[in-house]
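Numbering (this note's numbering), first residue to last: 644 to 742.
Every residue gets a Cβ at the ideal spot worked out from N, C-alpha and C, and that includes glycine.
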Amino acid sequence: MNREKVNQALNGILKVYEEIRSQSSLNKNTVVLEANREIGRILKDTEKDATNEERRSGSWMKAISFQLQKHLKKGFSERNLFTLKSSTKFTENRNWIID
644 MNREKVNQAL NGILKVYEEI RSQSSLNKNT VVLEANREIG RILKDTEKDA TNEERRSGSW
704 MKAISFQLQK HLKKGFSERN LFTLKSSTKF TENRNWIID
């Protein structure tokens, strides 16, 4: 996967984390749920551009995770990132399904 795609995903996820921080005083459960859905969507879109080898090895996720760890010193969980990728599905009629 090229660096541009990794950076695009990274910037999208960082934007979501920043939104979580800025809206944390509001209804936190709703904010976190929507943020998790958005991160899941970003990861699904990014995975489409990964090669079969990158999908099998997970190297594309590792690259994103490594960059996120450098930028997010607090509030980042690699396990949560992998869970969001695998448990969030976006249906064609734009409804979210959490497995």
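In this structure, D688 keeps its C-beta atom at 8 Å or more from the C-beta atom of M644.
Unbroken alpha helix (DSSP H) runs of no fewer than 4 residues, entirely contained in the region 648-709, are found at 671-691 and 695-700, following chain order.
A Cβ-Cβ contact shorter than 8 Å links A706 with V649.
CA-CA distance, F709 to E662, rounds to 21 Å. The beta carbons of L653 and L715 sit no closer together than 8 Å.
Look at K713 here: in three-state DSSP terms it is helix.
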